[in-house]
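Worksheet for the structure shown next.
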Amino acid sequence: MTDKLAKRGMTNKKRDALCGYLFFLPWIVGFLVFTLYPAIFSVRMSFNEVTVKPEGILLNWQGTEYYDYALNVDTVFKLQLGNALLFICCSLPVVLVFSLIIALFLNKDFKGRTFFRIIFFIPVIIMSGPVVSNLISGHSLDFSEYLPSVYAFLQAMPAFISKPSVFILDELVLILWFSGVPILIFMVGLQRISPDIYEAADIDGAGGWEKFWKITLPHLTPMILLSAIYTVVETSNYSELDINKKITGSMFDTTKLYSFSAAMSWIYFCAVIAVLLVVFLISVWLGRRSQR
Numbered sequence: 080m081t082d083k084l085a086k087r088g089m090t091n092k093k094r095d096a097l098c099g100y101l102f103f104l105p106w107i108v109g110f111l112v113f114t115l116y117p118a119i120f121s122v123r124m125s126f127n128e129v130t131v132k133p134e135g136i137l138l139n140w141q142g143t144e145y146y147d148y149a150l151n152v153d154t155v156f157k158l159q160l161g162n163a164l165l166f167i168c169c170s171l172p173v174v175l176v177f178s179l180i181i182a183l184f185l186n187k188d189f190k191g192r193t194f195f196r197i198i199f200f201i202p203v204i205i206m207s208g209p210v211v212s213n214l215i216s217g218h219s220l221d222f223s224e225y226l227p228s229v230y231a232f233l234q235a236m237p238a239f240i241s242k243p244s245v246f247i248l249d250e251l252v253l254i255l256w257f258s259g260v261p262i263l264i265f266m267v268g269l270q271r272i273s274p275d276i277y278e279a280a281d282i283d284g285a286g287g288w289e290k291f292w293k294i295t296l297p298h299l300t301p302m303i304l305l306s307a308i309y310t311v312v313e314t315s316n317y318s319e320l321d322i323n324k325k326i327t328g329s330m331f332d333t334t335k336l337y338s339f340s341a342a343m344s345w346i347y348f349c350a351v352i353a354v355l356l357v358v359f360l361i362s363v364w365l366g367r368r369s370q371r
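Sequential numbering of the sequence shown, starting at 80, is according to this note's numbering.
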């Protein structure tokens, strides 16, 4: 095949590009068939009344009726949407800070480093959504039962300290579960920083804190953005969120078959996109500020 392409006058660059597109083609087909088409069809369903009959699915145009119902009539959905966004926004900084601290620790040269890397990443591999859901719903990991004195001490502190501290303890399992991939992302970013930069900073008399703020953190800005996007997507898809339970549970409501569920899912999608946009803008602002 290579000889035939060469006879047709194709350069090595074009030949490599063609091979790349051929390898990429299965993903494109899969995306179009299993992601893009269902997404477009769900948008259509959110504006129509869906009726399933033997001859197929019938759509009766309803306009924005289901969106109006979700935003103006269904108070439970609005409450669950707010709680979901609050959970995402509270989890995001905790996961990022925790992942960065662990990545800085695992990036150092010490005995047993590989073992600790496995320890922090293994929850991502073995703890699937149902496993975590059963642990949490069964109160198997309710730390308030095992550490009552710690909870009492934290709750006695000022609210700006006690609330985030109690949140971290309550959601410790989820933080570990969501932190595996961001830890790897941060470790890749740390290993890409040239040691020569740190050596030059040592010669100039820079301390560890100064090196972190002026060298490490600016170089990790792209990784922070990538980790933030991953964390927002993962936390928003967490199956135990009430809003996700409501969306999936409403799919089989005989009075609003699929349509109301599709409308709620697209409202939730737009809200998550708004969070991602804010994260992106903050990341760009921090990146420009660090370059000054």
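Where is the CB? At the ideal position from N, CA and C, for every residue including glycine.
Short of 7 Å in beta carbon distance, which residues of its chain neighbour P261, apart from the five on each side in sequence? Order them along the chain. Cβ within range, chain order: V174, L175, S178, S306, Y309, T310.
Would you report the Cα separation of L104 and R196, rounded to the nearest angstrom? Computed Cα separation, rounded: 35 Å.
Euclidean distance between Cα positions of G142 and F166: Roughly 31 Å between the two C-alpha positions.
Just to confirm the assignment, what range does the alpha helix (DSSP H) spanning E313 have? First-last of the alpha helix (DSSP H) with E313: 300 to 315.
Run through DSSP, which three-state label would K132 get? In the structure shown, K132 falls within a strand segment according to DSSP collapsed to helix, strand and coil.
Cβ distance (whole Å) where D321 is taken to contact Q159 below 8 Å: That pair is a contact at about 4 Å.
Straight-line gap, S121 to N162 (C-alpha atoms, nearest Å): Approximately 24 Å, taken between the alpha carbons.
Mapping DSSP to helix, strand and coil, what is N151? Three-state DSSP puts N151 in a helix.
Which residue marks the beginning of the alpha helix (DSSP H) containing K92, and which one marks its end? For K92, the enclosing alpha helix (DSSP H) starts and ends at 91 to 110.
Based on the DSSP secondary-structure assignment, which residues constitute the bridge partners of N127? Among the bridge pairs identified by DSSP, N127 is matched with W140.
Residue range of the alpha helix (DSSP H) that includes W288: W288 -> alpha helix (DSSP H) spans 287 to 290.
Does DSSP put T334 in a helix, a strand or coil? Here T334 sits in coil by DSSP.
Is it buried or exposed for L299, if we count other Cβ within 10 angstroms and need 16 for buried? Counting Cβ neighbours within 10 Å, L299 comes out buried, since at least 16 surround it.
Between which residues of its own chain and S340 is the CB-CB distance below 7 Å, once the five residues before and five after are set aside? Taken in chain order, the residues that qualify are I326, S329, M330.
What's the gap between the Cα of N323 and the Cα of L164? When rounded, the separation of the alpha-carbon atoms in N323 and L164 is 12 Å.
Does the beta carbon of P261 come closer than 7 Å to any beta carbon on chain B? Here there is only one protein chain, and chain B is not present.
Would you identify the three-state DSSP class for S329, choosing helix, strand or coil? Of the three classes helix, strand and coil, the one that applies to S329 here is helix, per DSSP.
Three-state secondary structure (DSSP) at G284? Here G284 sits in coil by DSSP.
Just tell me which of L269, M302, R368, I254 has its CA closest to the CA of Y317. The shortest Cα separation from Y317 among L269, M302, R368, I254 belongs to I254.
Quick one: using the 10 Å Cβ neighbour count with 16 as the cut-off for buried, is F194 buried or exposed? By the neighbour-count rule (16 or more Cβ atoms within 10 Å), F194 is not buried but exposed.
Secondary structure of S187, DSSP reduced to three states: The question names Ser, but residue 187 in the sequence shown is Lys. Of the three classes helix, strand and coil, the one that applies to K187 here is coil, per DSSP.
According to the Cβ coordinates, are E128 and S338 closer than 7 Å? Yes, the pair counts as a contact, with Cβ atoms nearer than the cut-off.
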